[in-house]
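Chains A and B, in that order, are what the protein sequence lines are. Under the working numbering, the residue at position 31 of the first sequence is numbered 31, and the numbers go up by one with no gaps. Under the working numbering, the residue at position 87 of the second sequence is numbered 87, and the numbers go up by one with no gaps. C-beta atoms are modelled at their ideal positions from N, C-alpha and C, and glycine is treated no differently. Note sheet for the following structure.
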Amino acid sequence: MVVHSRRLFQTPWEFRESALFTAVAVIAGFAVQYALSGHGVAMPHLPVNAFVLALFALLILSIGLGFREAQAIKWFGGIPLGLCLIFAIALLSLIGGVVPQVEVAPGSLTALLGLNRIFSSWPFALAILLFLGNLGLSLSWRLVPLRLKNLQFILFHAGFWIALSCAIFGSPDLQRFVVPIEKGKVSNLGYTMESETPQPLPFSIFLHDFSLEEYPPQLLLYDPHSGIIFDERSKAAVLIRKGITASWSGLDVQVLDYLPYALPGKNGVPEPADRKAGIPFAKIRIILAKTAPREEWITTGSPMVDTRDAQAGSLYLGIRPGTPKAFRSTVTISSERGEQTKATLEVNHPVNFDGWKFYQMGYDQKAGRWSQVSVIEVIRDPWLPAVYLGFFMIMAGNLLFFWNGVKRTEGAS
Amino acid sequence: MIVNFTTAAIVAIACWALGSLLSIIARHTPALKLPGFILSFGGSLVMAGFIAFYWLLLDRPPLRTLGETRLWYAALIPLVGFLVEYRWKIEWLKYYCMALAAFFLGINLLHPEVFDKTLMPALQSPWFIPHVIVYMVGYVLLAASSVTALHNVSLQLRHKEDNAGESVSHYLALLGFVFLSFGLIFGALWAKEAWGHYWTWDPKETWAFLSWLAYLGYLHAWRYKIDSAKLQWYLALSFVVLLVCWFGVNYLPSAQNSVHTYSQS
Numbered sequence: 001m002v003v004h005s006r007r008l009f010q011t012p013w014e015f016r017e018s019a020l021f022t023a024v025a026v027i028a029g030f031a032v033q034y035a036l037s038g039h040g041v042a043m044p045h046l047p048v049n050a051f052v053l054a055l056f057a058l059l060i061l062s063i064g065l066g067f068r069e070a071q072a073i074k075w076f077g078g079i080p081l082g083l084c085l086i087f088a089i090a091l092l093s094l095i096g097g098v099v100p101q102v103e104v105a106p107g108s109l110t111a112l113l114g115l116n117r118i119f120s121s122w123p124f125a126l127a128i129l130l131f132l133g134n135l136g137l138s139l140s141w142r143l144v145p146l147r148l149k150n151l152q153f154i155l156f157h158a159g160f161w162i163a164l165s166c167a168i169f170g171s172p173d174l175q176r177f178v179v180p181i182e183k184g185k186v187s188n189l190g191y192t193m194e195s196e197t198p199q200p201l202p203f204s205i206f207l208h209d210f211s212l213e214e215y216p217p218q219l220l221l222y223d224p225h226s227g228i229i230f231d232e233r234s235k236a237a238v239l240i241r242k243g244i245t246a247s248w249s250g251l252d253v254q255v256l257d258y259l260p261y262a263l264p265g266k267n268g269v270p271e272p273a274d275r276k277a278g279i280p281f282a283k284i285r286i287i288l289a290k291t292a293p294r295e296e297w298i299t300t301g302s303p304m305v306d307t308r309d310a311q312a313g314s315l316y317l318g319i320r321p322g323t324p325k326a327f328r329s330t331v332t333i334s335s336e337r338g339e340q341t342k343a344t345l346e347v348n349h350p351v352n353f354d355g356w357k358f359y360q361m362g363y364d365q366k367a368g369r370w371s372q373v374s375v376i377e378v379i380r381d382p383w384l385p386a387v388y389l390g391f392f393m394i395m396a397g398n399l400l401f402f403w404n405g406v407k408r409t410e411g412a413s
Numbered sequence: 001m002i003v004n005f006t007t008a009a010i011v012a013i014a015c016w017a018l019g020s021l022l023s024i025i026a027r028h029t030p031a032l033k034l035p036g037f038i039l040s041f042g043g044s045l046v047m048a049g050f051i052a053f054y055w056l057l058l059d060r061p062p063l064r065t066l067g068e069t070r071l072w073y074a075a076l077i078p079l080v081g082f083l084v085e086y087r088w089k090i091e092w093l094k095y096y097c098m099a100l101a102a103f104f105l106g107i108n109l110l111h112p113e114v115f116d117k118t119l120m121p122a123l124q125s126p127w128f129i130p131h132v133i134v135y136m137v138g139y140v141l142l143a144a145s146s147v148t149a150l151h152n153v154s155l156q157l158r159h160k161e162d163n164a165g166e167s168v169s170h171y172l173a174l175l176g177f178v179f180l181s182f183g184l185i186f187g188a189l190w191a192k193e194a195w196g197h198y199w200t201w202d203p204k205e206t207w208a209f210l211s212w213l214a215y216l217g218y219l220h221a222w223r224y225k226i227d228s229a230k231l232q233w234y235l236a237l238s239f240v241v242l243l244v245c246w247f248g249v250n251y252l253p254s255a256q257n258s259v260h261t262y263s264q265s
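Next comes the structure, spelled out in structure tokens:
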């Protein structure tokens, strides 16, 4: 018997045709990118992008339902092409995961092919567009006729389609501004990453107060000449607390007293002060081999008070300000229409107002606790609800997938 | 504190080693089966106990550094081995799993991390624990899937078929994919609250997406009924992408601006 293997482009098309098609698409994408001397895809804003996306969805749906028996359409919405496109997207993402996505010299090959901006490059856009087509077609066949047993498929695939398409088509409408404000002042100017000229925003922010909480300061043993910091015996970061001990070879240190908020007093003994002005002081006992124990007050210092370290043989012991534990700004936000809200902004706790989200972003790091500036980030993303709808559909589909998977394993065992 | 980790790790490894030994002997002496299991399970319990103790000591979930995630991994992966044995009566996977757990504890023993109670503000979120734990469970399942697939590949090379083994690697990958998807989306929802946008192609995000695509590809290839024997190779190798995502990203040139490098803080 003679076995006839399928020739290239002999129907039904499968992996070889899909791989070839995908490769041509990606190469064409790179060619376009190169021809445009590295300029990525420019996309329209609302409402044009929403209209284009709706049209695209309608087109896929009508092609999928109108020509569901056509060989070419079956192939276009099939798993082999889907797999090849997943592979292409993975490959392009791999470039993005290895090549730093930063500005490079405009004439370089990296810039001309868009390798440093792969996620807004033509090959990536083309691969995603084809993938949305492929995913959309397979979805249309499960949507009509609607059956309950396809629920998991529909939730997962439609969720993915919605999240992906809205994230990509909606990206031009994402607005992000950084607003630096001084304490006691008001600002309505936002900076973008791309430009140094600020833009007026449709609201203003008044900064009442900025406060920063730190972890307790850290006790360090260092060599003043080389700058080397020595690890404590247990390899732990020694956070100052009254009563703790720390040891290095030949040196033991006890923390006899700790004042988180104090100011220098008479005879070098610090006196407790209020939270605003006070700085950390620690009284330590230094026990060096072959010498009598010594007690000393040391402090982290501040912009107003000198740092004080203690000598221990040829080395020094010091305390350094702890890393930030929390920082927050009390602000009043006012819209152009006169609406007002007073809010506290903190990392991980953004505040919504008038379609914008307000984030605590940063502060003057040199000044630390004494920073007079708070950096707020404001973001508007009108497409967010659609993307989240997609996310929640994917998660719902996933729960069903998990459930069915577990049920099927019972059948398999 | 480090002394406690050394003790806990050595006790856990000893439990797994002795438990494995007893389980192997139990093939001829069934009376040893239960003590073997109790010892092996005890190893994971020791690690779980240590994690709880460490959590209290740190005043924060021990999920920040790579070394801390390895603790969870070491506690959880043997459990997958036990579950597979219970569910599919496949015994050998648990040995691989316990060896992998011991290996991860070994890395921590060789490279002790600085005990550090601080937790940067971006990580202080209700999303922190679900995001990392869901990922850890996903990684554990996919590691077990990859080990099973490797075992299947080695059987193929010796011309032995094992259909049960292939279905185990498949179901572990399926469950792992579900957890990976949840981890990815939890991460996106958290990123929106902490950094302002749900997706910024940060190198860690890119690699997490790549790992997810790898298993998405697998599930579709399986659905298309591609030769299951060939897919064992695919599953065995997919885990490499995951490992790059977990440990390797920090060493890549693209990671210079990543928001996900907490270990060098």
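Length of the line joining the Cα atoms of residue i and residue j
i: Asp364 of chain A; j: Ala386 of chain A; result: 36 Å
i: Thr245 of chain A; j: His111 of chain B; result: 24 Å
i: Gln10 of chain A; j: Lys225 of chain B; result: 21 Å
i: Ala236 of chain A; j: Ser247 of chain A; result: 11 Å
i: Trp403 of chain A; j: Leu130 of chain A; result: 31 Å
i: Thr323 of chain A; j: Leu263 of chain A; result: 21 Å
i: His349 of chain A; j: Pro121 of chain B; result: 10 Å
i: Pro253 of chain B; j: Leu92 of chain A; result: 16 Å
i: Ser413 of chain A; j: Gly81 of chain B; result: With a pLDDT of 44 at Ser413 of chain A, under the threshold of 50, the modelled position of this residue cannot be trusted, and the question is left open.
i: Ala52 of chain B; j: Val240 of chain B; result: 30 Å
i: Ser108 of chain A; j: His131 of chain B; result: 39 Å
i: Ser265 of chain B; j: Leu58 of chain B; result: Here the model assigns Ser265 of chain B a pLDDT of 33, short of 50, so the residue's position is not dependable, and the following value carries that caveat. Distance between the alpha carbons of Ser265 of chain B and Leu58 of chain B is about 16 Å.
i: Thr136 of chain B; j: Phe128 of chain B; result: Looking at the sequence itself, residue 136 of chain B is Met, so the reference to Thr does not match. Between Met136 of chain B and Phe128 of chain B, the C-alpha separation is close to 12 Å.
i: Ala35 of chain A; j: Leu207 of chain A; result: 49 Å
i: Ile25 of chain B; j: Trp16 of chain B; result: 14 Å
i: His28 of chain B; j: Leu22 of chain B; result: 10 Å
i: Met304 of chain A; j: Val255 of chain A; result: 24 Å
i: Leu66 of chain B; j: Tyr54 of chain B; result: 15 Å
i: Ala70 of chain A; j: Pro61 of chain B; result: 56 Å
i: Phe15 of chain A; j: Leu94 of chain A; result: 22 Å
Close-in-space but distant-in-sequence residues of the same chain around residue i (CB under 8 Å, 5 per side omitted)
i: Arg147 of chain A; result: none
i: Ile133 of chain B; result: Leu63 and Trp72
i: Ala221 of chain B; result: Leu231 and Tyr234
i: Ile89 of chain A; result: Phe124, Ala127, Ile128 and Phe131
i: Leu392 of chain A; result: Correcting the residue identity first, residue 392 of chain A is Phe in this sequence and not Leu. Closer than 8 Å at Cβ, skipping near neighbours: Gly159.
Under 7 Å from the C-beta of residue i: neighbouring residues of chain A
i: Ser254 of chain B; result: Gly97, Val98, Val99, Pro100 and Gln101
Beta-carbon neighbours of residue i, restricted to chain B and to distances below 7 Å
i: Asn398 of chain A; result: Val178, Ser181 and Phe182
i: Glu182 of chain A; result: Within chain B, no residue comes near Glu182 of chain A; the closest Cβ sits about 22 Å away, beyond 7 Å.
i: Gly82 of chain A; result: His220
Where residue i falls, given that 16 or more other Cβ within 10 Å makes a residue buried
i: Thr192 of chain A; result: exposed
i: Ile376 of chain A; result: buried
i: Gln101 of chain A; result: buried
i: Gln340 of chain A; result: exposed
i: Lys276 of chain A; result: exposed
i: Thr22 of chain A; result: buried
i: Tyr215 of chain A; result: buried
i: Glu68 of chain B; result: buried
i: Leu106 of chain A; result: Sequence inspection shows Pro at residue 106 of chain A; the Leu mentioned does not correspond to that position. With fewer than 16 other Cβ atoms within 10 Å, it is exposed.
Proximal residues of chain A, C-beta to C-beta of residue i below 9 Å
i: Val240 of chain B; result: Ordered by position in chain A, no residue passes the 9 Å Cβ test against Val240 of chain B, which lies about 12 Å from the chain.
i: Asn112 of chain B; result: With the sequence shown as reference, residue 112 of chain B is identified as Pro, and Asn is not the correct amino acid for it. Simply Lys235.
i: Arg60 of chain B; result: Those within 9 Å of Arg60 of chain B in chain A number zero; the least Cβ separation is about 10 Å.
i: Thr6 of chain B; result: Correct list: empty, because the minimum Cβ distance to chain A is about 11 Å.
Partners in chain B for residue i, counting only beta-carbon separations shorter than 8 Å
i: Glu17 of chain A; result: The premise fails here: Glu17 of chain A is roughly 15 Å from chain B at the closest Cβ pair, so nothing lies under 8 Å.
i: Gly405 of chain A; result: Tyr171, Leu174, Leu175 and Val178
i: Val387 of chain A; result: Tyr198
7 Å CB neighbourhood of residue i in its chain, flanking five on each side removed
i: Gly190 of chain A; result: Phe177, Val178, Val179, Pro198, Gln199, Leu201 and Val378
i: Ile394 of chain A; result: Phe156, Gly159, Phe160 and Ala163
i: Pro293 of chain A; result: Arg285, Ile286 and Ile287
i: Trp207 of chain B; result: Val244, Cys245 and Val249
i: Pro224 of chain A; result: Tyr316
i: Val105 of chain B; result: According to the sequence shown, residue 105 of chain B is Leu rather than Val. For Leu105 of chain B, where only same-chain residues beyond five positions count, the Cβ hits under 7 Å are Ala9, Ala12, Ile13 and Ala74.
Cutoff 6 Å; reference residue i; Cβ partners in own chain excluding five residues on either side
i: Thr110 of chain A; result: Val104 and Asn116
Closer than 7 Å: residue i CB and nearest the ligand NAD heavy atom
i: Leu65 of chain A; result: Looking for the ligand NAD in the displayed structure turns up nothing, as the structure carries no ligands at all.
Contacts that residue i makes with chain B (C-beta to C-beta distance below 9 Å)
i: Phe153 of chain A; result: Simply none; closest approach about 10 Å.
- Message: Across the segment 171–178 of chain B and the segment 60–72 of chain A, are there enough close Cβ pairs to call them in contact, namely three or more that are closer than 8 Å?
- Response: Contact fails: fewer than three Cβ-Cβ distances are below 8 Å.
- Item | Segment contact, 8 Å Cβ cut-off, at least three pairs: the segment 160–168 of chain B with the segment 306–319 of chain A | no
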